[in-house]
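Residue numbers for the sequence shown follow UniProt numbering, so the first one is 1 and each next one is one higher. Virtual Cβ for every residue (Gly too), placed ideally from N, Cα, C. These figures come from a predicted structure and were not determined experimentally. Notes to accompany the following structure.
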Amino acid sequence: MSFFDSTPIGRILSRVSSDLSIIDLDVPFAFMFTFSASLTTYSNLVVLAVVTWQVLFVSSPMIVLAIRLQRYYLASAKELMRINGTTMSALANHFESISGAITIRAFEEQDRFFAQNLELVDKNASPYFYNSAATEWLIRRLETMSAAVLSFSAFVMVLLFPGTFSPGFVGMAFSYGLSLNNTLVNSIQRQCSLANQIISVERVNHYMDIQSEPEVIEENRPAPDWPQVGCVELRDLKIRYREDAPLVLHGITCKFEGGDKIGIVGRTGSGKTTLIGALFRLVEPAGGKISIDCGHHYDRLT
Ligand SMILES: Nc1ncnc2c1ncn2[C@@H]1O[C@H](COP(=O)(O)OP(=O)(O)OP(=O)(O)O)[C@@H](O)[C@H]1O
Ligand SMILES: [Mg+2]
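Right, here's the structure in full:
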């Protein structure tokens, strides 16, 4: 319960909607594409190394450079996706104002809420846009790099060793090199989009191990026929919603006899809902005691 008290509804909403849908729909495909693209790249490389082992002199530094570029890119891209996730929560939180639509209309404040909503949409879209820009940055560098490597190796083959390789051989090596370049760029792109989507798994994973309240305290377990009378006694009951928050109920002592019908009256914010919440143990008391069926000595202790 303290989790629901302290977590804005939008944060939960965005994880069970957008993050879960990315995990369910996008991650499997991204995983499949990444796997097949990487497999194609490596098999290309193996074929190329078997046919013309010299190509390794060019492709090894290229792969190292590509991996370095990818790491550099991922450091920022992942962070941007994380920011995108948090701004999404703020946006989802704002949807809660729909439940107050009648009040908003009554005060003719639709325009303010509409503007606020647009601003939140903008805030949410900008990290996503920056992420796309970063992806473009990476692709541009990868393609420049592969074009440079390819033209350099063609240059070396044709000009520096005239007559060493047959034209057919040069053509074959060149086309293999071209396909290796393409598949390498493709595979790195796929890996990066998978890494961006995996952030959703990370975000949902945060909610996997929320500490839960102890369901049953064995030594306080009442008899199976409890409660027989339904008498409720509060003794110096103190409630606060969080450790460092001020007390909401400041030591209430009273007794409700079994079978009585009780009404609780108080101004707004005086703690009526808190009291009923405490009876159902939605909030744990900070002090004092609630005994149900006190006459029968079945105490429900804090
Ligand atoms: N989930 C919560 N987290 C922190 N404080 C809370 C929470 N719920 C209520 N409070 C605080 O506890 C106090 C009592 O609130 P409560 O909702 O119990 O009042 P209430 O008597 O039910 O009011 P109302 O008549 O408006 O329903 C208020 O000051 C409120 O701000
Ligand atoms: Mg209330």
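Assign residue i to buried or exposed, taking buried as 16 or more other Cβ atoms, counted over all protein chains shown, within 10 Å of its Cβ.
i	result
Gln228	exposed
Pro127	buried
Gln197	buried
Val248	buried
Ile22	buried
Gly85	buried
Asp122	exposed
Ala278	buried
Ser132	exposed
Val46	exposed
Met32	exposed
Arg11	buried
Ser89	buried
Asn181	buried
Thr41	buried
Asp293	buried
Thr87	buried
Ile9	exposed
Gln70	buried
Ile290	buried
Arg267	exposed
Ser59	buried
Alpha helix (DSSP H) containing residue i: first to last residue?
i	result
Ile63	Val55 to His94
Lys255	First-last for Lys255: Leu249 to Phe256, but that is the beta strand (DSSP E), not the alpha helix (DSSP H).
Leu25	Run containing Leu25: none; DSSP gives neither H nor E here.
Leu118	Gln110 to Phe155
Arg105	Ala101 to Ala106
So what's residue i in DSSP terms, helix, strand or just coil?
i	result
Asp5	helix
Lys261	coil
Gly271	coil
Glu284	coil
Gly10	helix
Thr41	helix
Arg15	helix
Gly266	coil
Ala49	helix
Glu243	coil
Ile217	coil
Asp299	Residue confidence for Asp299 is low, a pLDDT of 46 falling below 50, so the modelled location carries little weight and cannot support an answer.
Val229	coil
Ala223	coil
Ile98	helix
Contact check, residue i vs residue j under 8 Å by CB: the rounded distance?
i	j	result
Gly271	Lys238	At roughly 11 Å, the Cβ-Cβ gap does not stay under 8 Å, so Gly271 and Lys238 are not in contact.
Leu184	Ser153	Not confirmed; about 14 Å, so no contact.
Leu150	Gly168	Wrong, their Cβ atoms sit about 18 Å apart, outside the cutoff.
Leu194	Ala30	4 Å
residue 304	Met1	Any question about residue 304 goes unanswered here, given that the chain covers just 1 to 302.
Asn117	His94	6 Å
Asp179	Asn44	Per the sequence shown, the amino acid found at residue 179 is Ser instead of Asp. Sure, about 6 Å apart at Cβ, within 8 Å.
Ala173	Thr52	5 Å
Could you check where the beta strand (DSSP E) with residue i kicks off and where it finishes?
i	result
Val201	Where Val201 is concerned, there is no enclosing beta strand (DSSP E), although the alpha helix (DSSP H) it sits in stretches over Pro167 to Asn205.
Arg235	Val232 to Ile239
Gly287	Gly287 to Ile292
I want to see whether chain B comes within less than 8 Å of residue i, judged by CB atoms only; does it?
i	result
Leu275	Among the protein chains of the structure shown there is no chain B, as only one such chain exists.
> Would you call the region 62–69 and the region 97–112 touching, i.e. three or more CB-CB distances under 8 Å?
Replying inline: These segments do not touch.
> Should the region 117–137 be called in touch with the region 66–84, which here means at least 3 C-beta pairs below 8 Å?
Replying inline: Yes: the two stretches touch, three or more of their Cβ pairs being nearer than 8 Å.
> Three or more beta-carbon pairs under 8 Å between the region 186–195 and the region 32–51, yes or no?
Replying inline: Between the region 186–195 and the region 32–51 there are three or more inter-stretch CB-CB distances shorter than 8 Å, so the stretches are counted as touching.
> Are at least three pairs of beta-carbons, each pair with one atom in the region 11–25 and one in the region 203–215, less than 8 Å apart?
Replying inline: Cβ pair count under 8 Å is three or more, so yes.
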